[in-house]
Amino acid sequence: MGLDHLDDLYRQVIMTHAAHPHHYGECEDPSVRMTRYNPSCGDVIYLSLVLSTDHKIKAIAFKGEGCAISKASASMMTDLVMNQPIVKARQLIQSFSKMLMGEKSEVGDLKDAQLLAGVQQFPARIKCAKLPWQALEDALAEQGGS
Amino acid sequence: MHINKNDFPILQQQMHQHDMVYLDNAATSQKPQVVIDAITKYYQLSNANVHRGIYELSQHATEAYEQARDKVTAFLHAQQREEVLFTRGTTESLNWIACTYGIANVHDGDEIVLSYMEHHANIVPWQQLAKKVNAKLKYIALNEDGTLNMADAQKQITSRTKIVAVAHASNVLGVVNPIKKLADLAHQQGAVIVVDGAQSTPHMPVDVQQIQADFFAFSGHKMLGPMGIGVLYGKRQLLEAMPPAQFGGEMIERVGLLDATFQPLPWKFEAGTPNVAGAIGLGVAIDYLNQIGMDNVQQHEKDLVNYILPKLSEIDGVRVYGPQAANHSGVIAFNVDQLHPHDLATALDQQGVAIRAGHHCAQPLMHYLNASATARASFYIYNTMADADKLVDSIMATKEYFNHGIRSFG
C-alpha cells in the first residue's frame, strides 16, 4: 500500500503533539513576539515569550497555521525551552538544527523532538520542522539577551 | 484524442516504487521527446548567435528562431509577427509592461484594476508600479463559486482606470475568465487590458484578436516547451509607442557616445542574446499541440474534470474550490478536513502521485478564500482516467492512514 514509509515521519508521539499541541496560544505581556513565514507554502507561526531578569524563558506560546510536522515541532520545542536559561535554549536550537542536517548532536537533550530526525528522509519537509526553531532563534536574537 | 505517454520519457519513471502520476501541470508541464530532440539538435547542428553572423550557421540559427516567432504568431492568432516578443516567461512579460507602458501611462491618482484570483506575478509588478507613480490598486471581487463577479468588474473599472490586468485562467480555482467582456469594459473607459495567459495558453485555443487583448503573456514551460522562454504579445501601436524594458546588443540600430537608436519591432525589445534554443523548443511544442488540436486538448481535460471532480467531492471531508465540473478547468484545488495539504502531499508522493500543496503564489486569493493553503491537482494531455482514479484512491488511503494513526492514541 506504500504508506509504511510514512511511519518514519509521522510517529505517534508526533501526531499526538500535532493534534493536541502544548503551549498553544499567546503569552500575556510577552517580552518579545516573533512572526515567521514559510514563503514556499504560506505557513506562519506567531511566537511569544516572557523572559525573566535572570535570563530564563519564563513563558512561551505559539499559534499559527501549519502542517502536522510544524505544529508538533513547535509543541515539542516549547516543552523543551520552558523555564530554561536562554543559553540552554540556544544550545537546543543548535542541536535540533544539527540533527536535521544529519550531523552529530546531543539528541538526548531534545527529548520528544529527536523523533523529528525522520524528517531528514523527506527533504521537502525540513523547512516545516525548522520554522518554530527559527522563530525562537530570531526572537532571542532580537531580544539581545544572553 | 490519442496521446502516446511514451512520447514523454520522464513519465516512464517510478517514484517510491510506484508508477509516477504527475499532477502538477499548472506549475510546469513535462516535455515530449521531440522537444528535447529539437533543443539537442539545435546545439549539435545550428548553434550560433542570431541576427549577427554573415556565415551560414548564424543564418540557420536566425531562421529557426524567427520561424518559432511565426509559429507563436499563428498559435495566438496575432495579426503580425512584430507583435510577438520573446521573453523569459510570463513573469518577465508582465514586469516589462508594468515598468515601461505602466510608467509612461499611469499617473498620480490613476487606477490599476486586478482581481482577487491573480498569481503573485500579476499582482506584485502592479503594486510596485502603483507605489512609484502613486496610483490606486483595485481588486474585482469573486462570486461564491470562485468565478469573477462581473457586476463588480463594471463597478471597479472607471474613467480613472488605466490598466486592467487579469488572468485568462486561474491557477487555483479552475476558472476561465470572460476576457472579451472585461476588455470591452476596459476599452469603454479608455484603459488597456493585460491578460496573464500562463494557465490558458497550454490548455485551450487562444485568439488574442477575438478576446481583444491589448497585451497577452504566457510561458513556454507550461505547454510542453522548455523553461526560460515565454512570450509577450502586444498590439502593434502600443508596442511602437513603448520604450524597451532593457537595452543592449541585438536591439540597437546605431549607438553613439551619448545616445542610440533602436531596431524596429519585434527586436527593439529583445536586448542581448536571446534564448534561441528555448524559442525553437517552444516552436516544436506548438507543432506537437497543433497536431493534437487545441480543441481536443481542451476536450480531453474537460472529460477528465467531469470524471474526477464529482468523485473527489464525494469523498467525506473533501472540499473542492471553484465552480462545478461543467465550468471547471483542469486545475483542481481542494482540502481534506483535518489534514494539512503538506501532510497530504507527502503521503500522496509516497504513493507516486505528485501534487502541489501551499498557497500557489496566490496569497491574496488564499486570504480571500479564508484558507492558509490548499492541495492542488492539475491535469494535462498525458493524464488519463487511471491517473484520476489513482488520485482518488491515494487520498482515501491517506485519510485511512491518518485517521487510524490518530485513533490509536486517542
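Residue numbers (UniProt numbering), protein chains in the order written: chain A, 1 to 146; chain B, 1 to 410. Virtual Cβ for every residue (Gly too), placed ideally from N, Cα, C.
**Study point:** Whole-angstrom distance between Ala-386/B and Thr-90/B, CA atom to CA atom
**Key:** 32 Å
Check your understanding: Beta-carbon separation of Ile-140/B and Asp-152/B under 8 Å?
Key -> yes
Review point. Assuming Val-172/B contacts Ala-48/B under a Cβ cut-off of 8 Å, what Cβ separation, rounded to an integer in Å, is found between them?
Key: Val-172/B to Ala-48/B, Cβ: 42 Å. No contact.
Review point. Who are the near neighbours of residue 411/B in its chain, counting only those whose CB is closer than 6 Å to its CB and skipping five residues on each side?
Key: The shown model of chain B, from 1 to 410, leaves out residue 411/B, and the question about it has no answer.
**Study point:** Under 8 Å between C-beta atoms of Ala-271/B and Gly-256/B
**Key:** no
Check your understanding: Between the stretch 72 to 87 of chain A and chain B, which residues of the former have CB atoms less than 7 Å from a CB of the latter, in chain order?
Key -> none
Exercise for review: Could you spell out where the alpha helix (DSSP H) holding Leu-348/B opens and where it closes?
Suggested key: 341 to 350
**Study point:** Cβ distance (whole Å) where His-16/B is taken to contact Asp-349/B below 8 Å
**Key:** 7 Å
Point to revise | Which residues DSSP lists as bridging Arg-160/B, in chain order | key: Paired residue(s): none; Arg-160/B is not in a bridge.
Review point. Alpha carbon to alpha carbon, how far is Tyr-43/B from Leu-282/B?
Key: 15 Å
**Study point:** Complete runs of the alpha helix (DSSP H) confined to the stretch 90 to 124 of chain B [at least 4 residues]
**Key:** 90 to 97
Check your understanding: Is the distance from the Cβ of Pro-21/A to the Cβ of Ala-74/A below 8 Å?
Key -> yes
Point to revise | Contact under 8 Å by Cβ, Gln-338/B with Gly-317/B | key: yes
**Study point:** Extent of the continuous alpha helix (DSSP H) to which Arg-52/B belongs
**Key:** Where Arg-52/B is concerned, there is no enclosing alpha helix (DSSP H), given that its DSSP letter is neither H nor E.
Check your understanding: Since Ile-297/B contacts Ile-211/B with CB under 8 Å, what's their CB separation in whole angstroms?
Key -> Note that residue 297/B is Val in the sequence shown, not Ile. 18 Å between Cβ atoms; not a contact.
Check your understanding: Taking buried to mean at least 16 other C-beta atoms within 10 Å of its own C-beta, is Pro-274/B buried or exposed?
Key -> buried
Check your understanding: Taking contact to mean at least 3 C-beta pairs separated by less than 8 Å, is the stretch 360 to 374 of chain B in contact with the stretch 112 to 122 of chain B?
Key -> yes
Review point. Do we get a CB-CB distance below 8 Å when we pair Met-117/B with the residues of chain A?
Key: no
Review point. Nearest-angstrom Cα distance between His-60/B and Ile-54/B?
Key: 11 Å
**Study point:** Exposure of Gln-67/B, with buried meaning 16 or more beta-carbon neighbours within 10 Å
**Key:** exposed
Check your understanding: What separation, rounded to the nearest whole angstrom, lies between the Cα atoms of Lys-138/B and Glu-111/B?
Key -> 7 Å
Point to revise | As assigned by DSSP and simplified to three states, the class of Lys-235/B | key: coil
Review point. Is DSSP giving Lys-138/B helix, strand or coil here?
Key: strand
**Study point:** First through last residue of the beta strand (DSSP E) which encompasses Val-192/B
**Key:** 192 to 196
Review point. Any Cβ of chain B within less than 8 Å of the Cβ of Gly-25/A?
Key: no
Practice item. Note down, one range per segment and in chain order, each alpha helix (DSSP H) of at least 4 residues found wholly within the stretch 49 to 84 of chain A. Key: 68 to 81
**Study point:** Local Cβ density within 10 Å of Ala-129/A, reported as buried at 16 or more and exposed below that
**Key:** buried
Check your understanding: With a CB to CB cut of under 7 Å and the five nearest residues on each side skipped, what residues in its chain are close to Gln-84/A?
Key -> Lys-56, Ile-57
**Study point:** Nearest-angstrom beta carbon gap, His-340/B and Thr-28/B [assumed within contact, 8 Å]
**Key:** With 8 Å as the limit, Thr-28/B and His-340/B do not qualify as a contact, their Cβ atoms being about 24 Å apart.
Check your understanding: DSSP on Met-1/A, reduced to helix/strand/coil?
Key -> Low local confidence applies: a pLDDT of 47 at Met-1/A is under 50, so the model's placement there is unreliable, and no value is given.
Check your understanding: Taking Cβ positions, are Ser-95/A and Leu-110/A nearer each other than 8 Å?
Key -> yes
Review point. So, is Asp-4/A buried or exposed, given that buried needs 16 or more other C-beta atoms within 10 angstroms?
Key: exposed
Exercise for review: Count the other C-beta atoms from every protein chain shown that fall within 10 angstroms of the C-beta of Pro-132/A, then say buried if there are 16 or more, exposed otherwise.
Suggested key: buried
Exercise for review: Please check if any C-beta of chain B sits within less than 8 Å of the C-beta of Asp-62/A.
Suggested key: Before going on, a small fix: residue 62/A reads as Phe here, not Asp. Cβ-Cβ to chain B under 8 Å: no for Phe-62/A.
Review point. Under a CB-based cut-off of 8 Å, is Asp-337/B close to chain A?
Key: no
Practice item. Could you tell me which chain B residues have their CB closer than 8 Å to the CB of Leu-3/A, listed as they occur along the chain? Key: Ala-347, Gln-350, Gln-351, Ala-397, Thr-398, Tyr-401
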